[in-house]
Every structure is written in C-alpha cells, then in structure tokens.
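**Student:**
Residue numbers (mature numbering (1 follows the signal peptide of the UniProt record, and there is no 0)): -23 to -1, 1 to 596.
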C-alpha cells in the first residue's frame, strides 16, 4: 500500500516520559475576576511574564526561571484569587520506541513490545523464509539510496525482473522499510525486526512509480515457492479480484504456506486484493495506544455474489481483517541517506527533535530569542532557542541567522513535537530543528546546545503496509519454534491468541485483535499445532554447530561439511521445490550427494534424532 512518511528524529526519539510530565515549565494559572483581569495581565507582563492563554476567570502565563512562590510574591494583587502551577497534560502512549540514536545504538520499535515479539526467541535452525513482494531492498545503490547495513545479508536472496530491475536495488524506500520491520538484525545498532535476522527472499514487483499488476503477484508467488519461502508478505493491494492471482495464493497456502497482505489505507469498508482472497490473511493497523489506525480499511467478512434468485451470501474470516499490528509511525530501515535525521542535546542531555531544514551541525552557547520577531546581536555565534508563534518558522530562523546565530531550535507552543519546514523559498543555511513543548523549560534554561541535521538510514512510515510485515515477522518468529505446523495452523493460532480490542469479540476493524507473539507461543506449546495436542518447542542449537557446502562436478554434486556435533550420527535433510530427501549418516564431518545443477537445495544438519541443528544453508 502507498504510505505516508514522517521524518525521523533520531537523536532521541523520546516518548513522553513520567519525568517530562512532572518537569517544571515555569507556567502558571492566575485566577482573577474578569473586571480587573486587564490590570493583572499588564502587571504580569511588566514583571516578565509571557501570556499563553486568556480565558473566562483566569489566564496562563510563563515566568522563565521563576518558582510558584516567586510568582506569588511578584503578583501580590488583591484582584488575584489564586495562583497555581499549570500542570502538563500529555497523550498517554501504552507502548513507545526506545529512546536514542539508531546510528549509535540499537532501538526497539514500539510494535515489537506491543506484540510481545521481544519475549520469543527466533530459532534459526528451523527458521521459515519470508518472501517479501515489494519494491526491492537496499543492498546496492538504488533509486533513493544505497546499502543499509542493518540486515544479515547472508540469508537474503531475491528475484530480479527485467521491468523493475535488480531485487537488491531499492525501487523507493518502501520495500527496505518493510523488510526491516520483519528481519532487521540484532546487531547493536539501528533497529530490530520482529524476527531479527530471519531469512528473506525479495521479489521486486514495482519501483518508485509505485505500481504493478495482479499477474506480477501471481508470478511472484511462484518465485517465492521456488526459493523455498514458507511465508509471503505483501504490503500492497488494489481493487478487483481475478482467478489467476487468487489461484496462485491458494496453491501456496494449500502446500503449507502462509500468505499475508495489507488491508488498505483508505479508511473505508472497501475490500482490497490480494488481501480479500480467502487464502490470504488480511492485516489491519493499530497505533501505539491500541487504537485502530484511522486509515486502516475494514471490509466485512461477509460477501454477497450473484443476482436475483441466484444471490449467495458467504461469511469467512478471510474476507475481512483477521488481526492487527502496530502500523502508525513505524520506525524501520531506509536505503542509506534516503531520509533526514536530526539530533539535539542541551547541556549534554539528548532531547527529541525533528529535522526542519539545512544539513549541518552546530554546537555552542544558547541564546533565548523569544518568538524571534526581530534580529538580536546577542545571538551572534550561538544556538538560538526560539518559541513558536507570531511569525513563520522561516522568518524566525532567518532572524537567528541574520543575528549571527549558528543553529536554531524552534519549540512547539502546543503539546507534542514540532514538525515543520522552512518553506519552498528557504533562504537560510543554518541547521534548524523542532522541539517539543514538554522540553521547553529545560531548553530555555540550558547554557549549551548542539543541533545536527543530516541524511539517515532510518525513518518512519505509516500504513497497513507497515502492519503487514509486522504480522509476517511475528508469524516467522513463532513458527520457527514449532516448525511442524502448517501455515494455516500458525494463522489460526495468531487469531486464537490475539488481544481483543474494539467491540467485544471479532469485529470488522480489529478482526480478532492485536497479535501477541508470546501468547501464540504459549498456546502452541500447550495445545500443539492443531490446537488440541502438545508439541514441544524446538531445542536451540547447542555448542558451536556449523554446516556449509559447495558444488562440484559441474554443479551436479553437493559436497556438505559440518562440525561441532557431539552425537555419533547426524540427520541430513535436503529439500527443494517439489521434493525432499532425508539421510542419517556417521558424524564424520562430510558427505556428498548427487543433484540437479539447475536446482537450489536447502540443507539442514541435526544431531541424530533431535531438533538440535546447525543453521540451514542453500546450495
């Protein structure tokens, strides 16, 4: 699906914390009778107060650096009934992204916490390859950027197309963002995916022009299958069903796979395809507060066909949204340099910010310019701290620069982050960032600051396009622990354990609710794949088990090597599109088999009679 993009503020990405809520803003409410309010307001302004709000029976004003007792002492007037602190009221997010800079540390997006994906471990020895049908991925230079290092490229394959180009070159940032949501690596920097490091197969069906055909998807499903994928993830869709496309996904599902697709971003009850096919799991989007996303489509799970006496009505989960995952302001990977990043510190402490304009970095002493309606020589050589209001963002930053300022911080005048630009006719050159009202007191009081604006490899997108790879990653994560399950059984477990939201029970907006990975794991561990028997989770690899191989004799012989196994025998499993072969042999470190030089084989080696295995590999 086409998604809205929001610029990443990487230096802190701070959610509003309890510490911010209780911080002293130096803003106070003055209760006064209306007949004498003008006199008291004039007194407040004379004593350095900045008026914020004028209401019936009271007004609010900010006195920078003044405590409540200070203000009570200054405003000693018989017409004042009461002076009290003006407490903050902020949105309460149930789940938040980690705070920090993704270029320097690893951040966990809120949806990982919300879905419990951080409570389940991916078993790479039995990992299920996810096929991402999208706009390619940023391994090499593409249409919007270049290599993103936040993937395990050794487990990523792909299929190129003569029309859309190489799968490893991005055709816009969408596909890279989607892939990162599924499988961004657990490597100490950047972001982490739902199933970090999970194998991927990339099929590039569109580029920056942003569209393809249903036949492209049908063919892509075949390519996914040929590559050994067991999950298909599609963050795309459109109107109109056709049998060729539907049959392709029916076949993939019938062969044990799982197909997931985005519900759509038009915020209506129209059924989008391929998500609307019965064999495809339709995924909706929710936000960090467990609310349904305003854009998430909500078709009924009942459809009517035919005319007159031949009208038939059918109800099936597959016709509507089945579950939702976080898809609002989703933090993930971008092609390198394809989005903007801002960083801001004050007195050495990082604060949330948003990139406004002008790449660059500046550090120095601060100068508070108020609303910066004119130049001020006091700003020369300093970082300007500016309040929003009265004049445009551009003119504020221009007045700072024309005063000799080297950087600008523009603070919002309402709750939340200031997201803005300096307009198309920007004549300024100093780096400028937006800041949240909640941090105003700290920023105004700071004596030093640093601001930085530059290109980034990480950013936000919103859409059911972002929720779908979240669901796909969760499916891969849990499925790796119960590898004998079918895709349909994983789909059923996902619905059975979703956290109910909205109307009680299944509804058209949330389906069965928000996906919960740990609840899925516990359900399958207790009930087995079919919901009624118990299957133990896969044992994690023990020791340093390694396995690899090569081809010889013109590609027709598979030469396999392994080490680190303690058993007297090993089990060797070889699978390919349409077939499989299993063998138990002595643990002597090597074995060779004949094969077809045109076929790709997936090879897994385990200690005999156990699920303790080395990571699978392809030949």
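Glycine included, every Cβ here is placed at the ideal spot set by N, Cα and C.
Values in this document were obtained by computation on a predicted structure and should not be read as measured data.
Is it true that the CB of residue 362 sits closer than 8 Å to the CB of residue 430?
**Tutor:** No, they are not a contact pair.
**Student:** Taking C-beta to C-beta, are residue 407 and residue 339 nearer than 8 Å?
**Tutor:** Taking 8 Å as the Cβ cut-off, residue 407 and residue 339 qualify as a contacting pair.
**Student:** What residue ranges within the stretch 205 to 250 form continuous alpha helix (DSSP H) runs of no fewer than 4 residues, ordered along the chain?
**Tutor:** Listed in chain order, they are 220 to 231.
**Student:** So who's on the other strand from residue 481, going by DSSP bridges?
**Tutor:** Residue 481 is not bridged to any residue.
**Student:** Given that a residue counts as buried once 16 or more other Cβ atoms are within 10 Å of its Cβ, and exposed if not, what is residue 436?
**Tutor:** Answer is buried; the Cβ neighbour count reaches 16.
**Student:** Would you grab the beta carbon distance between residue 14 and residue 36 for me? Rounded to a whole angstrom, and I think it's under 8 Å.
**Tutor:** About 7 Å separates the two Cβ atoms, so the contact holds.
**Student:** Between residue 375 and the rest of its own chain, which residues show a CB-CB distance below 6 Å, the 5 nearest in sequence each way excluded?
**Tutor:** 405.
**Student:** Give the C-beta separation of residue 313 and residue 434 to the nearest angstrom, bearing in mind that I take them to be a contact with Cβ-Cβ under 8 Å.
**Tutor:** Sure, about 5 Å apart at Cβ, within 8 Å.
**Student:** Within this structure, are the beta carbons of residue 639 and residue 235 separated by less than 8 Å?
**Tutor:** With the chain covering only -23 through 596, there is no way to say anything about residue 639.
**Student:** Compute the Euclidean distance between the alpha carbons of residue 220 and residue 250, then round it to the nearest angstrom.
**Tutor:** Those two C-alpha atoms are separated by around 11 Å.
**Student:** Leaving aside the five residues before and after residue 378 along the sequence, list all residues of the same chain whose C-beta is less than 6 Å from its C-beta, in chain order.
**Tutor:** Excluding residues within five positions, the ones whose Cβ falls inside 6 Å are 405 and 407.
**Student:** Compute the Euclidean distance between the alpha carbons of residue 483 and residue 472, then round it to the nearest angstrom.
**Tutor:** Roughly 10 Å between the two C-alpha positions.
**Student:** Taking residue 197 and residue 110 to be in contact with their CB atoms under 8 Å, please state how far apart those CB atoms are, rounded to whole angstroms.
**Tutor:** With 8 Å as the limit, residue 197 and residue 110 qualify as a contact, their Cβ atoms being about 5 Å apart.
**Student:** Take residue 16 and list the residues in its own chain whose beta-carbon comes closer than 7 Å to its own, dropping the five residues that flank it on each side.
**Tutor:** These residues qualify, in order along the chain: 56.
**Student:** So residue 594 and residue 564 are in contact, right, with Cβ under 8 Å, and what is the actual spacing, rounded?
**Tutor:** 18 Å between Cβ atoms; not a contact.
**Student:** Using the beta-carbon count (16 or more within 10 Å), is residue 10 buried or exposed?
**Tutor:** The residue in question, residue 10, is exposed, as its Cβ has fewer than 16 Cβ neighbours within 10 Å.
**Student:** What separation, rounded to the nearest whole angstrom, lies between the Cα atoms of residue 293 and residue 278?
**Tutor:** Each residue's Cα considered, the two are about 6 Å apart.
**Student:** Residue 526 and residue 596: beta carbons closer than 8 Å?
**Tutor:** Going by C-beta atoms, residue 526 is nearer than 8 Å to residue 596.
**Student:** For residue 560, count neighbouring Cβ atoms within 10 angstroms of its own Cβ and tell me buried if that reaches 16, exposed if not.
**Tutor:** With fewer than 16 other Cβ atoms within 10 Å, it is exposed.
**Student:** Residue 511: buried (16+ other C-beta within 10 angstroms of its C-beta) or exposed?
**Tutor:** In this predicted model, residue 511 has a pLDDT of only 39, less than 50, meaning its place in the structure is not dependable enough to derive any value.
**Student:** Can residue 145 and residue 113 be called in contact, C-beta distance under 8 Å?
**Tutor:** For residue 145 and residue 113, yes; Cβs fall inside 8 Å.
**Student:** How far does the alpha helix (DSSP H) with residue 590 in it extend, from its first residue to its last?
**Tutor:** Segment: none, residue 590 is in no alpha helix (DSSP H) and carries neither H nor E.
**Student:** When DSSP builds the beta bridges, which residues end up paired with residue 168?
**Tutor:** Its beta-bridge partners are 84.
**Student:** Which runs of the alpha helix (DSSP H), 4 residues or longer, sit entirely within the stretch 381 to 426?
**Tutor:** Segments of the alpha helix (DSSP H) lying fully in the stretch 381 to 426: 417 to 422.
**Student:** Mind listing, in chain order, the continuous beta strand (DSSP E) runs of no fewer than 3 residues lying wholly within the stretch 322 to 385?
**Tutor:** Entirely contained in the stretch 322 to 385, the beta strand (DSSP E) runs reaching 3 residues are, in chain order, 331 to 334, 337 to 345 and 360 to 364.
**Student:** May I ask which residues mark the beginning and end of the alpha helix (DSSP H) holding residue 59?
**Tutor:** That residue, residue 59, is in no alpha helix (DSSP H); its beta strand (DSSP E) goes 57 to 62.
**Student:** Quick one: what's residue 561 bridged to in DSSP?
**Tutor:** Looking at the DSSP assignment, residue 561 forms a beta bridge with 548.
**Student:** Would residue 30 be called buried (16 or more neighbouring beta carbons within 10 Å of its own) or exposed?
**Tutor:** It is exposed - the Cβ of residue 30 has fewer than 16 other Cβ atoms within 10 Å.
**Student:** Please confirm whether residue 38 has its beta-carbon closer than 8 Å to some beta-carbon of chain C.
**Tutor:** Here chain C cannot be found, since the structure has a single protein chain.
**Student:** If you run the structure through DSSP and keep just helix, strand and coil, what is residue 475?
**Tutor:** In this structure, residue 475 counts as coil in the three-state DSSP scheme.
**Student:** Would you identify the three-state DSSP class for residue 52, choosing helix, strand or coil?
**Tutor:** Note: residue 52 maps to coil in three-state DSSP.
**Student:** Have a look at 298, 531, 386 and 355 and flag the residue whose alpha-carbon is nearest the alpha-carbon of residue 418.
**Tutor:** Nearest of 298, 531, 386 and 355 to residue 418, Cα basis: 386.
**Student:** Look at the Cβ atom of residue 395, then the Cβ atom of residue 403, and state whether they are nearer than 8 Å.
**Tutor:** Going by C-beta atoms, residue 395 is not nearer than 8 Å to residue 403.
**Student:** In angstroms with no decimal places, state the Cα-to-Cα distance between residue 205 and residue 283.
**Tutor:** For residue 205 and residue 283, the distance between alpha carbons rounds to 39 Å.
**Student:** Relative to the C-alpha of residue 350, which residue among 358, 359, 337 and 364 is closest?
**Tutor:** Residue 364 is the option with its Cα nearest to residue 350.
**Student:** List the residues that DSSP assigns as beta-bridge partners of residue 289.
**Tutor:** DSSP, once it has assigned bridges, lists 282 as partnering residue 289.
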